[in-house]
Amino acid sequence: MATNIKVVSFGSEAFQALRAEIAEAQRDDRLSPVTVVTPSNYAGLSLRRQLSREAALVNVRFLGFNRLAELLGGPALSRDLRPLTP
């Protein structure tokens with residue numbers, strides 16, 4: 001799994017850079033999964049809608065930082081936990 005971090009200025013430059021990164025990640029296989037981490041769910045929704053106006057998004061997932069932390073740390077944190085009893 002490759003991780004790409006690119007620092008660009010805010011606004012249309014960032015939008016164009018993200019679109020280019022998604023296209024590059026799916027260059028060989030249009031169905032390869034891409035995950036975009038956003039600061040919030042609302043930012044992800046807005047970004048997804050804006051990106052889909054110009055081209056279809058296939059297998060692109062938008063996650064907030066909180067959800068990413070839950071997916072990465074959840075299994076390790078729940079290893080020793082047992083369900084609550086009545």
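Numbering-wise (the numbering used here), the sequence shown opens with residue 1 and increments by one.
Virtual Cβ for every residue (Gly too), placed ideally from N, Cα, C.
None of these values were measured; they are calculated from a predicted model.
Q) Can you tell me whether DSSP reads Phe74 as helix, strand or coil? A) Correcting the residue type first, residue 74 is Gly in the shown sequence and not Phe. If DSSP states are grouped into helix, strand and coil, Gly74 belongs with the helices.
**Q.** Boundaries of the beta strand (DSSP E) in which Arg61 is found, first to last residue
**A.** Following the DSSP letters along the chain, one finds Arg61 inside the beta strand (DSSP E) bounded by residues Val60 to Gly64.
Q. Buried or exposed: which applies to Phe62, given that a residue is buried once 16 or more other Cβ atoms fall within 10 Å of its Cβ?
A. Flag for Phe62 reads buried.
Q: Using the Cα positions of Leu45 and Leu77, report the straight-line distance between them to the nearest angstrom.
A: Leu45 and Leu77: Cα-Cα distance of roughly 28 angstroms.
Q: Output yes or no for whether 9 angstroms exceeds the beta carbon distance between Leu47 and Thr35.
A: No; because the gap between Cβ atoms is not below 9 angstroms, this pair is not in contact.
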